[in-house]
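Novice:
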Amino acid sequence: ETGVTQTPRHLVMGMTNKKSLKCEQHLGHNAMYWYKQSAKKPLELMFVYSLEERVENNSVPSRFSPECPNSSHLFLHLHTLQPEDSALYLCASSQDVAGPPGAQYFGPGTRLLVL
Amino acid sequence: SQQGEEDPQALSIQEGENATMNCSYKTSINNLQWYRQNSGRGLVHLILIRSNEREKHSGRLRVTLDTSKKSSSLLITASRAADTASYFCATDDRNNYKLTFGKGTLLTVNP
Chain F
65 ETGVTQTPRH
75 LVMGMTNKKS
85 LKCEQHLGHN
95 AMYWYKQSAK
105 KPLELMFVYS
115 LEERVENNSV
125 PSRFSPECPN
135 SSHLFLHLHT
145 LQPEDSALYL
155 CASSQDVAGP
165 PGAQYFGPGT
175 RLLVL
Chain U
405 SQQGEEDPQA
415 LSIQEGENAT
425 MNCSYKTSIN
435 NLQWYRQNSG
445 RGLVHLILIR
455 SNEREKHSGR
465 LRVTLDTSKK
475 SSSLLITASR
485 AADTASYFCA
495 TDDRNNYKLT
505 FGKGTLLTVN
515 P
């Protein structure tokens with residue numbers, strides 16, 4: 065788990081708050097991902113970045129705004145969230161997005177509760 | 405549409421027994437991967453099997469792939485209490501670099 069770190073690990077926010085989730089990978093990978101994991105649902109891919117360029121935006125509401133300043137860091141900016149956005153948000157990285165997907169390395173996640 | 409789907413949804417066994425989990429998928433794939441997730445934590449990559457492989461081993465793990473049936477199985481031999489976790493299969497799409505995960509099998513290994 066130390067290859068990909070996420071902060072904070074837990075976050076409680078009101079619907080009018082603005083907060084950011086941070087992810088950092090120490091594996092020298094070129095691709096980074098945000099996933100949402102809700103109870104009883106499969107892991108949902110939200111965003112994919114390859115070499116700091118967004119290559120996928122999986123129909124995610126605009127209240128989620130990703131930022132990738134360099135290949136090691138990924139942020140997810142949150143604003144005016146809804147209670148149904150409460151979930152575990154997972155960051156992952158992989159070598160790259162070219163060709164068939166290889167192994168993805170996940171961080172420990174941020175448990176988000178929106179009140 | 406959901407690509408990988410695990411079966412059973414939950415499995416409870418005694419320490420020392422073998423655990424078998426299955427995954428079915430719908431479209432042609434390049435490879436299939438298995439991941440483990442301990443409660444409330446991130447996923448850990450276990451093994452990747454390519455579409456031209458039929459079986460792969462890693463320690464106590466054995467994965468099989470049957471592309472004609474679009475199914476895979478994960479066998480954990482001589483299970484331990486520490487193997488208690490959710491196990492997910494993930495498949496790609498031949499035309500796409502994305503991974504699609506199933507809902508997982510919750511494995512409980514009782515001491």
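Chains as they are written, first to last, in my numbering: chain F, 65 to 179; chain U, 405 to 515. Beta carbons: idealized from backbone N, C-alpha and C, even for Gly. Source: prediction; values computed, not measured.
1. Under 8 Å between beta-carbons, which chain U residues line up against residue 169 of chain F? List them in chain order, please.
2. Do the segment 134-145 of chain F and the segment 81-97 of chain F make contact, defined as three or more Cβ pairs closer than 8 Å?
3. Report all residues from its chain with a CB closer than 6 Å to the CB of residue 405 of chain U; omit the five preceding and five following residues, and keep chain order.
4. What's the gap between the Cα of residue 76 of chain F and the Cα of residue 130 of chain F?
5. If I measure Cβ to Cβ from residue 510 of chain U and keep anything under 6 Å in the same chain, skipping five residues before and after, which residues do I get?
6. Suppose the cutoff is 8 Å on Cβ atoms and the five residues either side in sequence are ignored; what does the same chain contact list for residue 190 of chain F look like?
7. So with Cβ pairs under 8 Å, would you call residue 175 of chain F a contact of chain C?
8. Shorter than 8 Å from the beta carbon of residue 78 of chain F to some beta carbon of chain U?
9. Quick check: residue 109 of chain F and residue 430 of chain U, are their CB atoms within less than 8 Å of each other?
10. Please tell me whether residue 166 of chain F has its Cβ less than 8 Å away from any Cβ of chain U.
11. What did DSSP end up calling residue 485 of chain U once you bin it into helix, strand or coil?
12. Does DSSP classify residue 160 of chain F as helix, strand or coil?
13. The beta strand (DSSP E) spanning residue 429 of chain U covers which residue range?
14. When you compare only the Cα positions, how much space is there between residue 447 of chain U and residue 163 of chain F?
15. Can you look up residue 148 of chain F in the DSSP assignment and give me helix, strand or coil?
16. Taking the beta strand (DSSP E) that residue 96 of chain F falls in, what are its first and last residues?
17. Identify the continuous beta strand (DSSP E) that holds residue 79 of chain F and give its terminal residues.
18. Are residue 70 of chain F and residue 152 of chain F touching if we call contact CB-CB under 8 Å?
19. Using the Cβ count rule (16 or more neighbours within 10 Å means buried), how would you classify residue 423 of chain U?
Specialist: This is what the structure holds:
1. Per Cβ cutoff of 8 Å: 449.
2. Touching, per the Cβ criterion.
3. Low confidence applies to residue 405 of chain U: its pLDDT is 45, below 50, so where it sits in the model is not reliable enough to give any reading.
4. Linking residue 76 of chain F to residue 130 of chain F through their CA atoms gives a straight-line distance of about 19 Å.
5. 414 and 490
6. Nothing in the structure corresponds to residue 190 of chain F, since chain F is present only between 65 and 179.
7. Any reference to chain C falls outside this structure, whose protein chains are F and U.
8. no
9. No; because the gap between Cβ atoms is not below 8 Å, this pair is not in contact.
10. yes
11. helix
12. coil
13. Looking at the DSSP string, residue 429 of chain U is not in any beta strand (DSSP E), and its letter there is neither H nor E.
14. If I take the Cα positions, the gap works out to 22 Å.
15. When DSSP states are grouped into helix, strand and coil, residue 148 of chain F belongs to the helix group.
16. 95-101
17. Premise fails: residue 79 of chain F is in no beta strand (DSSP E) and is neither H nor E.
18. No, Cβ-Cβ distance for residue 70 of chain F and residue 152 of chain F is not below 8 Å.
19. buried
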